[in-house]
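Heads up: the structure comes next, in structure tokens.
There are 2 protein chains.
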Amino acid sequence: QGTRDHPPAQAALRDRLLSAVVACFKRHGAAAIDTPVLELRETLMGKYGEDTKLIYELQDQGGELLALRYDLTVPFARYLAMNKVTNMKRYHIAKVYRRDNPATTRGRYREFYQCDFDIAGQFDPMIPDAECLKIVHEILSDLQLGDFVIKVNDRRILNGVFAVCGVPESKFIPACSTVDKLDKVPWEEVRSEMVGEKGLSPEAADRIGEYVQLHGGLDLIERLLQDPKLSQNKLAKEGLGDMKLLFEYLTLFGITGKISFDLSLARGLDYYTGVIFEAVLLHQENEHVEEPVSVGSVAGGGRYDGLVGMFDPKGRKVPCVGVSIGIERIFSILEQRLKASGEKLRTTETQVLVATPQKHLLPARLKLISELWDAGIKAEMLYKKDPKLLKQLQYCEDTGIPLAAIVGEQELADGVVKLRDVPTREEVRM
Amino acid sequence: QGTRDHPPAQAALRDRLLSAVVACFKRHGAAAIDTPVLELRETLMGKYGEDTKLIYELQDQGGELLALRYDLTVPFARYLAMNKVTNMKRYHIAKVYRRDNPATTRGRYREFYQCDFDIAGQFDPMIPDAECLKIVHEILSDLQLGDFVIKVNDRRILNGVFAVCGVPESKFIPACSTVDKLDKVPWEEVRSEMVGEKGLSPEAADRIGEYVQLHGGLDLIERLLQDPKLSQNKLAKEGLGDMKLLFEYLTLFGITGKISFDLSLARGLDYYTGVIFEAVLLHQENEHVEEPVSVGSVAGGGRYDGLVGMFDPKGRKVPCVGVSIGIERIFSILEQRLKASGEKLRTTETQVLVATPQKHLLPARLKLISELWDAGIKAEMLYKKDPKLLKQLQYCEDTGIPLAAIVGEQELADGVVKLRDVPTREEVRM
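Protein sequence lines, in the order shown, are assigned to chains A and B.
Under the numbering used here, the first residue of the first sequence is numbered 33, with each subsequent residue one higher.
Under the numbering used here, the first residue of the second sequence is numbered 33, with each subsequent residue one higher.
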């Protein structure tokens, strides 16, 4: 349940999509790493907040207690700590596992691919963070998914907001996960969860509401830097200062047009410590709508400076920032688009079919195809001793093979091959 | 235990190796499919003989009983039956899981990659089987692993041998798995296991011994076709007839030089029904040794005409033949060879480092690198505001980046970039 086979047409589309993502990651100088699907259970525990219950555990088989990885970020942090790596730019594309309620129509599965790019190391502020946003911008533009916006916020700003609104520090994380729902439900519902479930005072909730409904650009950052309450909070001030720097860098990259500083963005995971971001596609069906409607997140990430230290025996920290591309949702969109266009994706790359027009010519086919393979040419033949020529040409049409190399008795006698262009039916002897 | 991380240097080597294998599979017109790592336990049970105990099971989490896949063949057969596919040429490269005693120095892990190519469908005899052997020959030749031999046998011939030697049919499978050890232990040990553990009569064992120690080519096939006992056995006769046909096709492919018809080859798995084969690398250190010594299997496969039917509610059969490339052992060999050669594999593909020679030029670097990325050029920069030029050039040397694009105050004023060839130190302004 919640898993699926990928038949050839889907595998080919996925391959095309992943190639575009990998090309971008390599363009930014990332190296690949690979980690096991299995991790020790203790590695995964306490990293995912409320979602820890979604981890798949293996049966106790008399050895170590194992679980299937939940994401690629925690294994990356474990890898850095275990190998004492303090500086690395890596990408990793692999499957992760979540014992969630699958919603397959919306592209949510129990087994799915993640495509992660992360930069680990102690660097000058916001330079790697800006690159992560540039990567999201490049990939979403390359894939021509339509209009999108990348929302940006900072955990330090959010925590500063909570602090100045009178939330006790012990309730920052629950408050955060409630704010995170603002992209799906209206403020009124978020407020009542804060006051009810999370036990915040109504006054605190109202004050939070004034902040987290704000979004804008450099102007908003400047305004909040002047905000009488926020500007007194050390964390918020730091976060806003870095946010300003980030916008400077993004201006140099020429991508601020798609960036929105959005105080409602919170992200669910515990481990973020600084900048957080999320890219959403915008509805374009109704061009008259003033405020474009989001159709869901297709990339997300942020800074997590404390995670690696959790795996180091001496708690040595390695600051990290990274992005995960929501490949499954993008795949669903591209698949629907392909279906709508009627375009048929080839599932093989065969260049030529080796064919014979008469009986008893299997040896000639085997000899010729062997020569073609040895010369690096992608070639197929039908696995029949004496197939009809029509069947062979039909196979080319069905599978999109552009050429047929035909050897008949006459060609054998003349020492030539007849090469047929399948779509135009033109033939040359060679 | 028995799993490992692949750091960038290993991931890059693996990538290169897998690319060569995929290129061969595509050359033969195969399409890719993907199946989940998780399978229902019942799918895997009863397919792997004695090795069933090595299957990794997931904890019962109140839903389906799941296990990690043990190979890619059973999931392929399940896929064909589930989707009623009767005709397909596919490849699949993915990780499989075995709760075995790891022997990591010999490249045996609990999590490892398999690279499978299979042809499913009802075709004229031995044409797809011959192609599988051609593929093994191409891959091992391409990778320049040194001399190798591909041993070929047929389960029908083996069963025929057992029958004419007086083994009851119920003991064919145990006898088969004992014969399979002949490549590791001498005949005397195999014989005593047959008589002791497997309960065969000493006479039967001796008669089997006369057959299974034979190996050769077309001449041996002809001799056995004339064998007074074997030629009376229907199964053996069928197997030998097909073996002759296979050798005809392999002669047309020009690869019989590396093929050995070897009656000791049995292969452990239950599901094989016809041709079986295994490729082994030969020791070349001592050129004077008469009979080259095998250093282990690097590819194997065979025909399994009954497996798909086990998953079909009506038992409809889809004949299949396939090959699995032992990528982990090949990877170990290439890794050792790379280490011995001292060659350093680049882990990234970065073409140019964007550098600045003075302070306060971060904006210029960010602008230039952004232009390069947008133009599809693989570019990096150091994540420091004011790095020293020497450090930047050192980074190029360390990571193999061939070019540095330098923008200093003068270049900015002149509207040019200084492009430096890192190895030769030549510079041009452009």
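By construction, the Cβ of each residue, glycine as well, lies at the ideal position given by its N, Cα and C atoms.
Because the structure is a prediction, the values reported are computed rather than measured.
- For residue 398 of chain B, the chain A residues whose Cβ falls inside 7 Å of its Cβ are 281, 284, 285, in order along the chain.
- Non-local beta-carbon contacts of residue 132 of chain A in its own chain, meaning distances under 8 Å to residues more than five positions away in sequence, involve 34, 86, 140, 142 in chain order.
- At a cut-off of 3 residues, the continuous stretches assigned as beta strand (DSSP E) that sit fully inside the region 88-175 of chain A are 98-100, 120-129, 143-152.
- Looking only at A:82, A:157, A:70, A:75, the smallest Cα-Cα distance to residue 126 of chain A is reached by A:70.
- Residue 363 of chain A has a beta carbon lying at 9 Å or more from every beta carbon in chain B.
- With a 10 Å radius around the Cβ and a threshold of 16 neighbouring Cβ atoms, residue 382 of chain A comes out buried.
- Only buried fits residue 146 of chain A, as 16 or more other CB atoms lie within 10 angstroms of its CB.
- Listed as beta-bridge partners of residue 460 of chain B by DSSP are B:451.
- For residue 77 of chain B, the nearest beta carbon of chain A is not closer than 9 Å to its own beta carbon.
- What residue 140 of chain A touches in chain B, judged by beta-carbon distance under 9 Å, is nothing: the nearest beta carbon there is about 15 Å away.
- In the DSSP assignment, residue 285 of chain B falls within the unbroken alpha helix (DSSP H) covering 266-285.
- With contacts defined as CB atoms closer than 9 Å, residue 410 of chain A and residue 386 of chain A fail to qualify as a contacting pair.
- Residue 312 of chain B sits away from residue 199 of chain B, with the two beta carbons spaced by 9 Å or more.
- Within the region 59-75 of chain A, the residues whose Cβ lies closer than 8 Å to some Cβ of chain B are 59, 60, 61, 62, 63, 64, 65, 66, 67, 68, 69, 70, listed in chain order.
- Looking at B:165, B:111, B:73, B:178, the one whose alpha-carbon comes closest to that of residue 356 of chain B is B:165.
- Against chain B, the CB of residue 446 of chain A has no partner CB under 9 Å away; the residue lies outside that interface.
- Judged by DSSP secondary structure, residue 359 of chain B falls within the alpha helix (DSSP H) whose first and last residues are 359-373.
- With contact defined as three or more Cβ pairs closer than 8 Å, the region 411-422 of chain A and the region 151-161 of chain B are in contact.
- Rounded to the nearest whole angstrom, the C-alpha separation of residue 449 of chain B and residue 462 of chain B is 5 Å.
- At a Cβ-Cβ threshold of 9 Å, residue 244 of chain B and residue 275 of chain B do not count as neighbours.
- In the DSSP annotation of this structure, the continuous segment of the alpha helix (DSSP H) that includes residue 406 of chain B starts and ends at 394-406.
- Contact between residue 118 of chain B and residue 153 of chain B holds, with the beta-carbon distance rounding to 6 Å and staying under 8 Å.
- The beta carbons of residue 331 of chain B and residue 289 of chain B sit no closer together than 9 Å.
- Scanning chain A for C-beta atoms nearer than 9 Å to the C-beta of residue 111 of chain B yields 37, 39, reported in chain order.
- The criterion of a C-beta distance shorter than 9 Å is satisfied by residue 184 of chain B and residue 291 of chain B.
- Neighbours of residue 382 of chain A in chain B, taken as residues at a C-beta separation under 7 Å, are given in chain order as 61.
- Residues of chain A whose Cβ lies closer than 9 Å to the Cβ of residue 172 of chain B do not exist, since the nearest Cβ in that chain is about 14 Å away.
- CA-to-CA, the gap between residue 48 of chain B and residue 282 of chain B works out to about 28 Å.
- Nearest to residue 76 of chain A by C-alpha distance, out of A:58, A:107, A:91, is A:107.
- Nearest Cα to residue 210 of chain B within the set B:298, B:162, B:151: B:298.
- When DSSP states are grouped into helix, strand and coil, residue 410 of chain A belongs to the coil group.
- For residue 238 of chain A, the enclosing alpha helix (DSSP H) stretches over residues 234-244.
- Under the Cβ criterion of 9 Å, residue 402 of chain A is counted among the residues facing chain B.
- When Cβ-Cβ separations below 9 Å define contact, residue 210 of chain A makes no contact with chain B.
- When C-beta atoms of the region 40-58 of chain A are compared with those of the region 389-398 of chain A, fewer than three pairs fall below 8 Å, so the two segments do not count as touching.
- Assignment of residue 248 of chain A by DSSP, reduced to helix, strand and coil, places it in the strand class.
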